[in-house]
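Everything in the sequence shown is counted per the numbering used here, starting at 171 for the first residue and increasing by one.
The structure under discussion appears below in the form of structure tokens.
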Amino acid sequence: YTRFRKDFLRKHVDFPRTQSPNNNQYCDVMMMRRGMSSSGRCKDLNTFVHTDPQNVVQVCRNQPDRAIRTTRQRFPVTVCKLIRRKPSCRYRGTQRNHRVQVGCLRGLPVHLNNTFP
Numbered sequence: 171y172t173r174f175r176k177d178f179l180r181k182h183v184d185f186p187r188t189q190s191p192n193n194n195q196y197c198d199v200m201m202m203r204r205g206m207s208s209s210g211r212c213k214d215l216n217t218f219v220h221t222d223p224q225n226v227v228q229v230c231r232n233q234p235d236r237a238i239r240t241t242r243q244r245f246p247v248t249v250c251k252l253i254r255r256k257p258s259c260r261y262r263g264t265q266r267n268h269r270v271q272v273g274c275l276r277g278l279p280v281h282l283n284n285t286f287p
């Protein structure tokens with residue numbers, strides 16, 4: 171189950187935020203770097219949260235399995251939406267300041283459900 175936690179962090183946490191000239195390039199680079207886009211296989215939507223992983227992890231502490239929990243705090247997030255598959259995956263990136271909703275398993279976040287203003 172540590173694998174799930176690592177998988178969640180790989181897919182959804184980038185702290186401090188990786189430097190990039192703009193949000194679109196940020197998404198193109200990060201989606202490839204984190205293994206969610208390669209040669210025509212592109213994840214449609216992904217959100218990166220830019221805060222210390224502990225801030226997201228703690229929302230699941232002492233929660234039942236499959237609980238869906240939302241952080242009280244807002245964090246900077248970058249939402250990456252697929253805009254083109256070929257010849258390579260291209261994304262539109264949007265930065266927001268949102269609360270983060272996650273699914274919990276064994277006291278750890280394993281699924282990013284949604285983000286809210």
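Glycine is no exception: its CB is placed at the ideal position from the N, C-alpha and C atoms.
Task: N-terminal and C-terminal residue of the beta strand (DSSP E) that residue 286 is part of - done: Numbered from its first residue, the sequence shown carries residue 286 at position 116. First-last of the beta strand (DSSP E) with residue 286: 278 to 286.
TODO: Could you pull the start and end residues of the alpha helix (DSSP H) that residue 194 belongs to?
DONE: For the purposes of this step, residue 194 is identified with residue 24 of the sequence shown, where counting begins at 1. Taken as a continuous stretch (DSSP letters only), the alpha helix (DSSP H) holding residue 194 covers 193 to 203.
Task: Same chain, Cβ closer than 8 Å to residue 179, neighbours up to 5 away in sequence not counted - done: Here residue 179 refers to the residue found at position 9 when the sequence shown is read from its first residue. Cβ neighbours of residue 179 beyond the five flanking positions: 223.
Open item on the list: Less than 7 Å between the C-beta atoms of residue 219 and residue 183, yes or no?
Closed with: One-based indexing of the sequence shown puts residue 219 at position 49. One-based indexing of the sequence shown puts residue 183 at position 13. Yes, the pair counts as a contact, with Cβ atoms nearer than the cut-off.
TODO: Give the secondary structure of residue 216 by DSSP, where H, G and I count as helix, E and B as strand, and everything else as coil.
DONE: Counting from one through the sequence shown, the residue named residue 216 turns up at place 46. Correct three-state label for residue 216: strand.
Open item on the list: Can you confirm whether the region 205 to 214 touches the region 240 to 248 when touching is taken to mean that 3 or more C-beta pairs between the two stretches lie within less than 8 Å?
Closed with: no
TODO: Determine the closest residue to residue 260 out of 208, 278 and 274, with distance taken between C-alpha atoms.
DONE: Position 90 of the sequence shown, counted from the first residue, corresponds to residue 260. The residue with the shortest Cα to Cα distance from residue 260 is 208.
- [ ] Give the DSSP-derived three-state secondary structure of residue 225 in the structure shown.
- [x] Along the sequence shown, read from residue 1 onward, the residue named residue 225 stands at position 55. Residue state, collapsed to three classes: helix.
- [ ] Alpha carbon to alpha carbon, how far is residue 201 from residue 185? Give it in angstroms, no decimals.
- [x] Here the question's residue 185 lines up with position 15 in the sequence shown. Here the question's residue 201 lines up with position 31 in the sequence shown. Taking the straight line from one Cα to the other gives about 15 Å.
Task: Alpha carbon of residue 236 to alpha carbon of residue 272, nearest angstrom - done: Reading the sequence shown from its first residue, position 66 is the one you call residue 236. Reading the sequence shown from its first residue, position 102 is the one you call residue 272. Near 9 Å, if we compare the C-alpha coordinates of residue 272 and residue 236.
- [ ] Would you please state the rounded distance, in angstroms, between the beta carbons of residue 175 and residue 282? I believe it to be under 8 Å.
- [x] Working through the sequence shown from its first residue, we reach residue 175 at position 5. Working through the sequence shown from its first residue, we reach residue 282 at position 112. Not quite, the Cβ-Cβ distance comes to about 13 Å (not below 8 Å), so this is no contact.
Task: Cα-Cα separation, residue 239 to residue 269 - done: What you label residue 239 is simply residue 69 of the sequence shown in a count that begins at 1. What you label residue 269 is simply residue 99 of the sequence shown in a count that begins at 1. Going by the C-alpha atoms only, they are around 10 Å apart.
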